[in-house]
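A.B. asks:
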Amino acid sequence: MDRFVIRKPKFQKPAVKKQVKPKGQATLFSLKRVVVVEDIKRWKCILELPNQSRANLLDTLHELKKKIPSEDIIRSTKIGEAVEKLQTHSDEEVSGLAHEVHDQWETFIKANRGKANIEVRCDAATEKLRMNARRLLSEALSMEADDSLVECIEREVFHQASRLINVHYRRTIRALVFALKHKAETRSHVKDGTITINELARSHKK
1 MDRFVIRKPK
11 FQKPAVKKQV
21 KPKGQATLFS
31 LKRVVVVEDI
41 KRWKCILELP
51 NQSRANLLDT
61 LHELKKKIPS
71 EDIIRSTKIG
81 EAVEKLQTHS
91 DEEVSGLAHE
101 VHDQWETFIK
111 ANRGKANIEV
121 RCDAATEKLR
131 MNARRLLSEA
141 LSMEADDSLV
151 ECIEREVFHQ
161 ASRLINVHYR
171 RTIRALVFAL
181 KHKAETRSHV
191 KDGTITINEL
201 ARSHKK
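Using the UniProt record's numbering, read the sequence shown as starting at 1 and increasing by one per residue.
1) When the Cα of VAL83 is compared with those of HIS102, LYS66 and SER90, which residue comes out closest?
2) Just how far apart, CA to CA, sit LYS191 and ASP72?
3) Quick one: which unbroken alpha helix (DSSP H) runs of 4-plus residues sit fully inside the region 96–175? Chain order, please.
4) Since LEU129 contacts ILE165 with CB under 8 angstroms, what's their CB separation in whole angstroms?
5) Can you tell me whether GLU92 is buried or exposed, with buried defined as 16 or more other CB within 10 angstroms of its CB?
6) Between the alpha carbons of GLU81 and ASN51, how many angstroms are there, rounded?
7) With H, G and I counted as helix, E and B as strand and the rest as coil, what does DSSP make of THR194?
8) Expressed to the nearest angstrom, what Euclidean distance is found between the alpha-carbon atoms of ASN198 and LEU58?
9) I think LEU149 touches LEU176, with their Cβ atoms under 8 angstroms apart; what is that distance to the nearest whole Å?
10) If I'm right that PRO69 touches ILE46 with Cβ under 8 angstroms, what's the distance once you round it to whole angstroms?
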């Protein structure tokens, strides 16, 4: 009887094509020529701070290598001078990376002189509030408000608050002022570099 049975092909599910997810788009701030001036100043502060660790210097130089600041920013922020000084650093990897950053900027600027960068700056009201925060930190540390250590601490707090004067920024500044004023050990460790600026800000983040 089987020869009289008409066998129909088994139903096959249509092949489902795998959808290829589009690659993530680059954000505005990740673009090489979009420069946040605050970041440049924070990185300069890290490079110039005494007792800075090799790891921090390398991390900062790698971040700078991702950016091409305009000639005006390099001069006005003096980030160029900070990078140039590290070209003679005793650590070969640090000095080598500093050379790479310097050469990359110099080559790009010569080839693109006259082309505008996108620069992101803080407004006057924000700067006023930040200067007040630095004054409070300097009093807690018994230092001048324009001391590089005070500047670096405030810039790191601002960075960790997503570059906003928000509730996290205000509370963290208050917590740091209290700790630096009333805890001699914390104050001493910050001044001698035992505690990094990043660790200090993160451990007091509110």
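Backbone N, C-alpha and C fix where the C-beta goes; we use that ideal spot for every residue, glycine too.
C.D. replies: In this structure, then:
1) Nearest C-alpha to VAL83: HIS102.
2) For LYS191 and ASP72, the distance between alpha carbons rounds to 32 angstroms.
3) Whole alpha helix (DSSP H) segments, 4+ residues: 124–141 and 148–160.
4) Rounded, the Cβ-Cβ distance is 5 angstroms, consistent with contact.
5) Looking at its Cβ environment, which holds fewer than 16 other Cβ atoms inside 10 Å, GLU92 is exposed.
6) About 18 angstroms.
7) In the structure shown, THR194 adopts coil according to DSSP, grouped into three states.
8) One C-alpha to the other measures close to 15 angstroms.
9) About 12 angstroms separates the two Cβ atoms, so there is no contact after all.
10) The distance from the Cβ of PRO69 to that of ILE46 is about 16 angstroms, inconsistent with a contact at the 8 angstroms cut-off.
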